[in-house]
Amino acid sequence: MKITGFDGLFDDYLLDVREKLARLEDLLLSLQEAQASEKERILIETKRELHTIKGNSGMMGFTKLQKLAHEMEDDVESLDLENIELGDLLRKLDRFKLSLKEINEENQGEEEIQDDEKLHGQIQGSMRVPFSALDELVDLLAEMVIFRNRLYEAIIKGHTMESQEQAWEEAEKAQESLGKTLDFIQERIMRLRMVPLGSLFGHLRRIVHDECERGNKEANLETSGGDTPMDKALLEIASEALGHIVRNAVVHGLEHPDDRARAGKQRKGRILLTASVQANEVFMDVTDDGAGIDLEVLAEAAKREGIDIPSREALYSLLFSSGFTTKGGTDIAAGRGIGLSSAYAAVQRLGGAVEVVSEFGAGTRFRLRLPLSVSIMKGIVLEADNNEYVLPLTSVIESQRFHLRDRHQLNHGSIFTWRNKVIPLLDIGYIFGTHTGIRENGYVVIIESGDKQRGLIVDDIKGIREIVVKGLDNMIGNPPGISGATILGDGRVLLILDPPGLTAISPFVGSGFKERR
Amino acid sequence: MNIGKIMVVEDSELLHRMYDLIFMRYTRNGTHIVHSLNGREALNQLNSHADTDIIILDINMPVMSGLEFLHHCKSENVFRHIPVIIVSTEGKEEDTLRGLRFGAKGYVTKPFQPQDLYKIMEDIITMTAGARAKNSKALFETIPI
Numbered sequence: 039m040k041i042t043g044f045d046g047l048f049d050d051y052l053l054d055v056r057e058k059l060a061r062l063e064d065l066l067l068s069l070q071e072a073q074a075s076e077k078e079r080i081l082i083e084t085k086r087e088l089h090t091i092k093g094n095s096g097m098m099g100f101t102k103l104q105k106l107a108h109e110m111e112d113d114v115e116s117l118d119l120e121n122i123e124l125g126d127l128l129r130k131l132d133r134f135k136l137s138l139k140e141i142n143e144e145n146q147g148e149e150e151i152q153d154d155e156k157l158h159g160q161i162q163g164s165m166r167v168p169f170s171a172l173d174e175l176v177d178l179l180a181e182m183v184i185f186r187n188r189l190y191e192a193i194i195k196g197h198t199m200e201s202q203e204q205a206w207e208e209a210e211k212a213q214e215s216l217g218k219t220l221d222f223i224q225e226r227i228m229r230l231r232m233v234p235l236g237s238l239f240g241h242l243r244r245i246v247h248d249e250c251e252r253g254n255k256e257a258n259l260e261t262s263g264g265d266t267p268m269d270k271a272l273l274e275i276a277s278e279a280l281g282h283i284v285r286n287a288v289v290h291g292l293e294h295p296d297d298r299a300r301a302g303k304q305r306k307g308r309i310l311l312t313a314s315v316q317a318n319e320v321f322m323d324v325t326d327d328g329a330g331i332d333l334e335v336l337a338e339a340a341k342r343e344g345i346d347i348p349s350r351e352a353l354y355s356l357l358f359s360s361g362f363t364t365k366g367g368t369d370i371a372a373g374r375g376i377g378l379s380s381a382y383a384a385v386q387r388l389g390g391a392v393e394v395v396s397e398f399g400a401g402t403r404f405r406l407r408l409p410l411s412v413s414i415m416k417g418i419v420l421e422a423d424n425n426e427y428v429l430p431l432t433s434v435i436e437s438q439r440f441h442l443r444d445r446h447q448l449n450h451g452s453i454f455t456w457r458n459k460v461i462p463l464l465d466i467g468y469i470f471g472t473h474t475g476i477r478e479n480g481y482v483v484i485i486e487s488g489d490k491q492r493g494l495i496v497d498d499i500k501g502i503r504e505i506v507v508k509g510l511d512n513m514i515g516n517p518p519g520i521s522g523a524t525i526l527g528d529g530r531v532l533l534i535l536d537p538p539g540l541t542a543i544s545p546f547v548g549s550g551f552k553e554r555r
Numbered sequence: 012m013n014i015g016k017i018m019v020v021e022d023s024e025l026l027h028r029m030y031d032l033i034f035m036r037y038t039r040n041g042t043h044i045v046h047s048l049n050g051r052e053a054l055n056q057l058n059s060h061a062d063t064d065i066i067i068l069d070i071n072m073p074v075m076s077g078l079e080f081l082h083h084c085k086s087e088n089v090f091r092h093i094p095v096i097i098v099s100t101e102g103k104e105e106d107t108l109r110g111l112r113f114g115a116k117g118y119v120t121k122p123f124q125p126q127d128l129y130k131i132m133e134d135i136i137t138m139t140a141g142a143r144a145k146n147s148k149a150l151f152e153t154i155p156i
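Chains A and B are the protein sequences, given in the same order. First residue of the first sequence: 39, per my numbering; consecutive thereafter. First residue of the second sequence: 12, per my numbering; consecutive thereafter.
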């Protein structure tokens, strides 16, 4: 029996119930690790979430889901707290999620988010916005209208009055106020997009639980910093990357309980997830007390594959390259190929990074770094052959004048020396087909992505701008070296350069250019 | 039916939005709805909404449960006359019975049809209005002039 009249609330229901399911998963899985005194509190909250899910599903007319939630309530009621067995509950939770997905597809034919869109930080679906925040925005908008009117009046004055000085002054004041209010609005809207990182914890706990079961391992996921705010679009990327990293920690990091005992460690492995905000970045550290990464094995594998490795840090970055495997050392890096590398690519595209530190025998720490927000960023505007491009400022190390004499030819490419390092040069005009031959002079902008540097050669550097990032149309696909576009104040559209893509382009190009690999 | 003010005490924001839809037939005629997310919030809000005509109460809520709220509400002279309808998810019938013993006037289990709620609300409001009219008359008559 379906209660009619609430169809318009379906999106709200979906958002609400998904949040509650994620929380439920987190609660259930933390029940196993909880102190006896904590268990009671967790149980009460678990039951309340389930009860609400049941009630709301019933009110929406989803009898099947209501029944499933009721069964889960019974299961929770009969949990043996001394020996918690979650298998049944988790399977029902999965069934609930699946049914929800089916209902959703029936209801609105919502397709799963395209990977491409995910990579560009665009997300579909809805989020929760408090009324007070909307009110605040409306107030700020009203202020903007006032300042706009002042600006308008000042312009009229300038046209009609003999002394234009006063008009200019008023216009400047109004413009300044307008700018300030705009900054406020920007900040508020960005804040609206924020969700707490803790909403991911249930998903990650589940991965640890499932992988432990699959591999006969024991592990405990400890979390902190759950209230760290994150842009919702970035959270999706973080969710994927952290999922791979956490899975990796169980599968490849942690040893079997017996081996751990032999090595003098606790049988149960420990995975620690901490999150914090530092300046404009979110740091998410996944630390395990497992076997660590054997650099010798990595170095050997690199040698076998014919990859030249300049430093220890560079060895770690091999873990993220697609298809790389240490073959001989199955217990260390086998199977780590595709998953981690695709997550890594998504993170890099959004201007983030993954860093690895490991001590062989003692454990590994993966650090995921993501910018706080993706939609607005600072960029440096470059010009080559009368075309302008924007380069994300975070990837720029330095820029300087450039003369032909600084350039050295090596095979089919060019290099130059910068701070005693040899850096490959890329001519922006050459890459995008607006220039052939060799540019006589201009500027070189040194960019870095991962551990790779490139010197970008351009005619001119036009300055730093705050830009609003727009994705490219799907029809265009993912052209190498471009991550999106932005619209300037005067209406011109500029392409945004993609530092990871650019550093992946081989500098040693003959005709045209190819990606390395 | 003319209802001045309805208070909804419920921890699910989704349900609040549903009640907004359900009560549209009243709000169109000027009925005011007060939303509270738990018992404590509802008690605080009652201070400035003592003219509430009826309270729709969920049982299972964080911070302060529906039963606790009911207990406090019924022990305050200013509020005890406001009729309360318990609307809660089936499965905890003993709580609901306790609620009725605590002084709730009626109860509805989720999921319910809006018509069921209208009926019980209107019956209760008519009943209490009648009782209060009688009481106030009695009160008036006992005041010596």
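The beta-carbon is built from N, C-alpha and C at its ideal position, and this holds for glycine as well. Values in this document were obtained by computation on a predicted structure and should not be read as measured data.
Identify which residue in the options has its Cα closest to the Cα of residue i.
i                  : options                                       : result
Leu-410 of chain A : A:Ala-299, A:Leu-65, A:Ala-271 and A:Gln-70   : A:Ala-271
Gln-491 of chain A : A:Leu-464, A:Lys-218, A:Ile-476 and A:Thr-472 : A:Leu-464
Phe-404 of chain A : A:Leu-311, A:Gly-344, A:Arg-129 and A:Val-233 : A:Leu-311
Ser-158 of chain B : B:Thr-107, B:Leu-48, B:Phe-34 and B:Ala-115   : Nothing in the structure corresponds to residue 158 of chain B, since chain B is present only between 12 and 156.
Ala-422 of chain A : A:Leu-128, A:Val-335 and A:Ile-476            : A:Ile-476
Ile-505 of chain A : A:Trp-456, A:Ile-414, A:Asn-258 and A:Ser-487 : A:Ile-414
Leu-280 of chain A : A:Ala-384, A:Glu-210 and A:Arg-305            : A:Ala-384
Thr-541 of chain A : A:Leu-494, A:Lys-508, A:Asp-528 and A:Leu-533 : A:Leu-494
Thr-261 of chain A : A:Asp-64, A:Gly-401 and A:Arg-443             : A:Asp-64
Asn-458 of chain A : A:Asp-444, A:Ile-309 and A:Leu-532            : A:Asp-444
Leu-103 of chain A : A:Ala-192, A:Lys-130 and A:Arg-226            : A:Lys-130
Ile-309 of chain A : A:Arg-407, A:Glu-338, A:Ile-418 and A:His-247 : A:His-247
Asp-323 of chain A : A:Gly-330, A:Ser-314 and A:Ile-331            : A:Ser-314
Could you give the residue range of the beta strand (DSSP E) that holds residue i?
i                  : result
Gln-316 of chain A : 307 to 316
Lys-121 of chain B : 117 to 121
Ala-523 of chain A : 520 to 525
Leu-48 of chain B  : That residue, Leu-48 of chain B, is in no beta strand (DSSP E); it is neither H nor E in DSSP.
Leu-463 of chain A : 459 to 465
Phe-239 of chain A : Element bounds for Phe-239 of chain A: not the beta strand (DSSP E) but the alpha helix (DSSP H), 239 to 253.
Could you give the DSSP three-state label for residue i: helix, strand or coil?
i                  : result
Pro-295 of chain A : helix
Thr-402 of chain A : strand
Val-19 of chain B  : strand
Val-89 of chain B  : coil
His-43 of chain B  : strand
Phe-44 of chain A  : coil
Glu-120 of chain A : coil
Val-483 of chain A : strand
Thr-541 of chain A : helix
Asp-369 of chain A : Bear in mind that the predicted position of Asp-369 of chain A carries a pLDDT of just 40, short of 50, making it unreliable; the figure below should be weighed with that in mind. Reduced to three states, the DSSP call for Asp-369 of chain A is helix.
Pro-73 of chain B  : coil
Val-507 of chain A : coil
Asp-177 of chain A : helix
Met-415 of chain A : strand
Glu-133 of chain B : helix
Please classify residue i as buried or exposed, where buried requires at least 16 neighbouring CB atoms within 10 angstroms.
i                  : result
His-562 of chain A : Because chain A spans 39 through 555 in this model, residue 562 of chain A falls outside it and cannot be assessed.
Asp-154 of chain A : Bear in mind that the predicted position of Asp-154 of chain A carries a pLDDT of just 45, short of 50, making it too unreliable to give a figure here.
Arg-36 of chain B  : exposed
Pro-168 of chain A : exposed
Asn-13 of chain B  : exposed
His-290 of chain A : buried
Met-110 of chain A : buried
Met-138 of chain B : exposed
Leu-259 of chain A : buried
Val-556 of chain A : In the structure as shown, chain A begins at 39 and stops at 555. Residue 556 of chain A is therefore absent and cannot be evaluated.
Pro-430 of chain A : buried
Gln-386 of chain A : buried
Ala-212 of chain A : buried
Lys-121 of chain B : buried
Glu-251 of chain A : exposed
Gly-515 of chain A : exposed
Taking the alpha helix (DSSP H) that residue i falls in, what are its first and last residues?
i                  : result
Glu-343 of chain A : 333 to 343
Thr-101 of chain A : 101 to 115
Thr-325 of chain A : Looking at the DSSP string, Thr-325 of chain A is not in any alpha helix (DSSP H); the run it does join, the beta strand (DSSP E), is 319 to 326.
Met-268 of chain A : Taken as a continuous stretch (DSSP letters only), Met-268 of chain A belongs to no alpha helix (DSSP H), being part of the beta strand (DSSP E) at 267 to 269.
Ala-209 of chain A : 203 to 230
At a Cβ cut of 7 Å, what residues of the stretch 41 to 61 of chain A count as close to chain B, listed as they run along the chain? Ile-41, Gly-43, Phe-44, Leu-47, Asp-50, Tyr-51 and Asp-54
Chain B contacts from the stretch 230 to 253 of chain A (Cβ-Cβ distance under 8 Å): none
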